[in-house]
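Chains as they are written, first to last, in my numbering: chain A, 1 to 89; chain B, 1 to 194. C-beta: ideal position from N, C-alpha, C; glycine also. Report on the structure given below.
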């Protein structure tokens, strides 16, 4: 069981390139954001498509500043990411 | 995006998958047609509009909608989708404008907004709205004021987002039904003011 993140915690989306199916979009990989909500447990799509769903993981709404993602603009992007897609700082 | 794309690559892929499902006995063409025929009867942006209008006139309902959207919409006889789907309502204010996308596919609260528009599924919208939301909204004819923060929501897992637009000024005299008629599907996605 992974240690849950808490709301307001800063996290980094993992930068690894996925071998197969993955719902960690390239535009957030390697970037740092803030947990804004805990959306509960959910099966990990990477494993579901392989036919071996395993155990669910916690999913978080993670907010990124456009400045950090694109080096420009003032908006934010909030995306749901599974715990194993994230690492603590 | 215009036209029906009946001969486009995605349409051909969908037909191939349908054929495989029929050949494997998973579903029949008739079952699929029945589902598609029923969809417009139960799935419509009128549902989302009714929810928003109620939130505009009923502060307690608005509060419940913002904190437990699944519970709030069940009061009106709606559900967010499958058993694992969590609906989250995000409210536009004088300071914040919300806009929804699903960058990796086209996730969307189907039951409350009806079948998604072609542009919502287009690669152009999905890739550009996270990079330059103000530019994309301007192309929809919607100029968001510089002093408003734009929050983009990428529906990547089991949460589906419903935007609560700002109630237009000068509508104090309107009832819930009339207010609901002002709310558009684009407003519920965040690409139009209402």
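According to DSSP, is residue 38(A) part of a helix, a strand, or is it coil?
DSSP places residue 38(A) in strand when its eight states are reduced to three.
Leaving out the 5 sequence neighbours to the left and right, which residues in its chain are closer than 6 Å to residue 127(B) when beta-carbon positions are compared?
Nothing meets the Cβ criterion.
Run the CB neighbour count on residue 20(A), radius 10 Å, all protein chains shown included, and call it buried at 16 or more, exposed below.
That one is exposed.
Residue range of the unbroken beta strand (DSSP E) whose run includes residue 63(A):
Start and end: 57–65.
Short-range partners of chain A found in the stretch 131–157 of chain B, where Cβ spacing is below 8 Å
Listed in sequence order: 131, 132, 133, 134, 149, 150, 151, 152, 153, 154, 155, 156 and 157.
Grab me the residues of residue 25(B)'s own chain with a C-beta within less than 8 Å of its C-beta, minus the 5 sequence neighbours each way, in chain order.
Around residue 25(B): no qualifying Cβ.
Tell me the start and end of each unbroken alpha helix (DSSP H) in the stretch 90–136 of chain B that is at least 4 residues and wholly inside, in chain order.
The stretch 90–136 of chain B contains these whole alpha helix (DSSP H) runs: 110–113, 118–121 and 123–128.
Who pairs with residue 141(B) in a beta bridge, going by DSSP?
Secondary-structure assignment with DSSP links residue 141(B) through no beta bridge to anything.
In this structure, does DSSP put residue 6(A) in helix, strand or coil?
For residue 6(A), the secondary structure class from DSSP, reduced to helix, strand or coil, is coil.
Let me confirm a value: residue 47(B) is counted as buried when at least 16 other C-beta atoms fall within 10 Å, else exposed. Which label applies?
By the 10 Å Cβ count, residue 47(B) comes out buried.
Residues near residue 74(A) in its chain [Cβ-Cβ closer than 7 Å; skip 5 each side]
66.
Please check if any C-beta of chain D sits within less than 8 Å of the C-beta of residue 76(B).
In summary, chain D is missing from the structure at hand, where the protein chains are A and B.
Can you tell me the Cα-Cα spacing of residue 43(A) and residue 69(A), whole angstroms?
Each residue's Cα considered, the two are about 27 Å apart.
Between which two residues does the beta strand (DSSP E) harbouring residue 229(B) extend?
The structure shown does not extend to residue 229(B), since chain B spans only 1 to 194, so no value can be given for it.
8 Å is my cut-off, CB to CB: does residue 27(B) come that close to chain A?
Interface with chain A (8 Å Cβ-Cβ cutoff): residue 27(B) is excluded.
On the DSSP letters alone, give me the boundaries of the alpha helix (DSSP H) that residue 32(B) sits inside.
29–42 is the extent of the alpha helix (DSSP H) around residue 32(B).
Answer yes or no: the CB of residue 166(B) versus the heavy atoms of the ligand MG, is any distance below 7 Å?
The ligand MG is not part of the structure shown, which contains no ligands of any sort.
Please tell me whether residue 86(B) has its Cβ less than 8 Å away from any Cβ of chain A.
Yes, contact with chain A.
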